[in-house]
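Reviewing the structure listed below.
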Amino acid sequence: MQILPLLLAVLLLMFQAAAGLSFPRGSPQDCERRGGFCSHRSCPPGIGRIGLCSKEDFCCRSSPVKTCSGHQP
């Protein structure tokens, strides 16, 4: 019987960690502040999800393009 409180504590910690893996739900304004845009149900190809605008809208943003400085063709 002494293992039951320990088991409950471990389960609670696991659920808290799993909750942190989800995208934070924000608003369209929050998404725009993060440099993104809202897209219904999915982000366009090549664009990554960075959050949620609502239940069915994702906050999407393209990754910055890396360029090599100092190299002239």
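Residues -20 to -1, 1 to 53 in mature numbering (1 follows the signal peptide of the UniProt record, and there is no 0) are what the sequence shown spells out, letter by letter. Ideal Cβ positions, reconstructed from N, Cα and C, are used throughout, including at glycine.
A distance of 8 Å or more separates the beta carbons of Gly28 and Arg14. With at least 16 other beta carbons inside 10 angstroms of its own, Gly16 counts as buried. Here the alpha carbon of Glu36 sits roughly 6 Å from the alpha carbon of His20.
Here Cys11 carries a helix assignment [DSSP, helix/strand/coil]. For the pair Ser34 and Ser7, the Cα-to-Cα distance works out to about 7 Å.
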